[in-house]
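K.L.:
Mind having a look at this structure? Questions to follow.
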Amino acid sequence: MAMCKGTSEQKAMAQDALHVTGDLVAASSKVRAGEDTVLALAMVPKSGWHGYWVNGGDAGFGMELEWSLPDGVTVGTPRYPVPKTYVLQGLMNHVYEQPYAILIPVTVDKAIPAGSSITLKAAGTWLACSDKTCVPQDGTFSVTLTVIAADAPKPLPDARFAGWQAKLPSPLNAAAGYAIEGDTLTLSIPYPADAPLTDPHFF
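Pasting the structure below:
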């Protein structure tokens, strides 16, 4: 969850200053040694504000994280849900105006003993914008997991993760490509022939 140091009043004031708030949650509080799990940065924009996809578009930027991890724990590349397009003053942006979750794969080494408690921490920076202004945001996130034996029953995931996973972009069934001939750039993007193509926007 997002954290800050100080008194309860100072913490409340710090949260009030965030226009896009976030909590770090785990698919399960338990993870089997030698297996992968998933964390989610569950982000909530205040009314009238939005956060950004990994590629913000013409303006803005996505979440940047600096991790502090226990030995034997690694994190992978964050995965973002499909954003919406937002055009303001002729600038195209890729944004989230509703709650969204950035999913982060985590691998726990099989050498970590069962019963160990491991805490993952991250310092994050992100951008919150309205149609009038943009405000840099920052916070510290942490989550603690318990390592269980490799042959222990597989932990049941948090029910929210199925919905978050469903909002991730689906991979293409073939690679995109490009060709340059003289002054002409040709992009080749695999797309189903029977899918609608009224107003396409490829991210």
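Heads up: the sequence shown begins at 1 in the working numbering, then just goes up one per residue. Ideal Cβ placement from N, Cα and C applies to all residues, glycine included. For clarity, every value in this text was computed on a predicted model and none was experimentally measured.
1. By Cβ distance below 6 Å, which residues in the same chain neighbour Ala179 in space, the five residues on each side in sequence not counted?
2. Indicate the three-state DSSP secondary structure (helix, strand or coil) for Ala59 in the structure shown.
3. Counting contacts by CB-CB distance shorter than 8 Å, is Tyr178 in contact with chain C?
4. For the beta strand (DSSP E) containing Gly182, list its first residue and its last residue.
5. Using three-state DSSP, classify Phe202 as helix, strand or coil.
6. Answer yes if the stretch 99-117 comes into contact with the stretch 33-44, meaning at least three C-beta pairs across the two stretches below 8 Å, and no otherwise.
7. Nearest CA to the CA of Leu168: which residue from Pro81, Ala33 and Asn55?
8. Cα separation between Thr21 and Asp183?
P.N.:
Checking against the coordinates, here is how it stands:
1. Thr186
2. coil
3. Here there is only one protein chain, and chain C is not present.
4. That residue, Gly182, is in no beta strand (DSSP E); it is neither H nor E in DSSP.
5. coil
6. yes
7. Pro81
8. 45 Å
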